[in-house]
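Beneath this line is the structure, given in structure tokens, with notes to follow.
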Amino acid sequence: MEECWPEIGWHLLQIRKNPTTTIDDVRKAFQRVKEKPHNPGLAQAFYRETFETATPIEVHRNRVRGGELQGEILRLQTKVTEIERSKNELNPLLKTAAPEYRTTVQEEIRRRQETLDQLQSEINRLTIEGRDLDKKSLDQETYVYSSELLDYLRSRGRYAVNPQSVANALAGLPRMAWRQSHLRCSPMPLNEPRLHYQVLEVISKMWKRRRGASKEALTEFFKIQLPKLPKKLGYTRDFLLGNFRDLRLAIEESLGTKHEDGEAPYLLTSIFMRNTRNQKSPLEAMLAEQEKIL
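For reference, each letter of the sequence shown is one residue, going 126 to 419 in the working numbering.
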């Protein structure tokens, strides 16, 4: 969740502020990270283009049924293998059995083939049912995740809109509602925030103190202020200082990108992190090295 927060965080905050938003707005927020090169994790359920109204109980029931179907298919496939083997063992008897037994052997081979055909027909039916149920379950999961997150974002009071709290609300889905999930997950020890979120936090705080809005003014502001960051930030501080060229280019690109008021630090962080991931040519690597803040 923290890795995609620069892309979705601002939009989730706007959903909380706007009482007229729908589950479509929630799903659109996550579309922005669909192509990002990281494990989608909890975001995966929001990527589907279709959904079907359902409750967590219904989703769980369908998932259980899906597991039962897979178990039944495996059982029938094992039976098919056994009957095929026994049928193949009878084929040589057509040549070696005494004439008076050949009709009996042929009849048994025919009977076993009929059984195989029936089993395969049942396997095909169950496979189709399982495939349809899987699609239905995925569509239902999309609805449950989207509607539960929307309900969470509309809640007030102690439920913050940040990666940890949102992840706690989503972790138990679709087996349970978000309140139960949040209640169960909140006591768990917190992990160290990931780099993406720490960078966003730093840039957001610095953005509030910026002076001037031009490319030159912003670049100079960050160039002066970044070395003043407390050393307790550790790798996050080193990362920003060591990738200043990527940040400078991100500032230039973000200023030319249409965005809402207040969204700027999120957009800037997203572009900056993308720049750091992109493979650099030898020339770009040299220029990046030259612009490091030492």
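From the three backbone atoms N, C-alpha and C, an ideal C-beta is built for every residue, glycine too.
Open item on the list: Cutting at 7 Å between CB atoms, please list the residues of its own chain near I253, excluding the five before and the five after it.
Closed with: none
Task: Cβ neighbour criterion (16 or more within 10 Å) applied to E128 - done: buried
TODO: Report yes or no: do three or more beta-carbon pairs, one from the stretch 196-206 and one from the stretch 238-250, lie closer than 8 Å?
DONE: yes
Task: Outcome for Q202 when other beta-carbon atoms lying within 10 angstroms are tallied against a minimum of 16 - done: exposed
Open item on the list: At the level of alpha carbons, what is the spacing between E214 and L251?
Closed with: 28 Å
Task: Beta-carbon gap between G297 and R309 smaller than 8 Å - done: yes
- [ ] Compute the Euclidean distance between the alpha carbons of V451 and H321, then round it to the nearest angstrom.
- [x] Given that the chain is displayed from residue 126 to residue 419, the structure contains no residue 451 and the question cannot be resolved.
Open item on the list: Using C-beta distances below 8 Å, list every residue in its chain close to L258, excluding the 5 sequence neighbours before and after it, in chain order.
Closed with: N187, R190, G191, L194
- [ ] Could you tell me the distance, in whole angstroms, from the CA atom of T206 to the CA atom of P131?
- [x] 53 Å
Open item on the list: Give me the residue from Y268, E345, T382 with the minimum Cα distance to I182.
Closed with: Y268
Open item on the list: To the nearest angstrom, how far is the alpha carbon of P224 from that of I234?
Closed with: 16 Å
Open item on the list: If I follow the unbroken alpha helix (DSSP H) through P390, where does it start and stop?
Closed with: 389-402
Open item on the list: Closest to I328 by C-alpha separation, out of M398, Y284, S339, R300, would be which residue?
Closed with: M398
- [ ] Check the C-beta distance from V286 over to T394 and give it rounded, since I have them as a contact under 8 Å.
- [x] About 16 Å separates the two Cβ atoms, so there is no contact after all.
TODO: Can you tell me which of H185, R256, R281, E416 puts its alpha carbon nearest to the alpha carbon of P144?
DONE: R281
Task: Identity of the residue in D363, K357, S272 nearest R304 by Cα - done: S272
- [ ] Count the other CB atoms, across all protein chains shown, that sit within 10 Å of the CB of I148; report buried if there are 16 or more and exposed otherwise.
- [x] buried
TODO: Sort D371, K212, Q289, R141 by Cα distance to R402 and report the nearest one.
DONE: D371
Open item on the list: Can you list, in chain order, the residues of its chain with a C-beta nearer than 7 Å to that of D264? Leave out the 5 residues immediately preceding and following it.
Closed with: R173, T175, F176, E177
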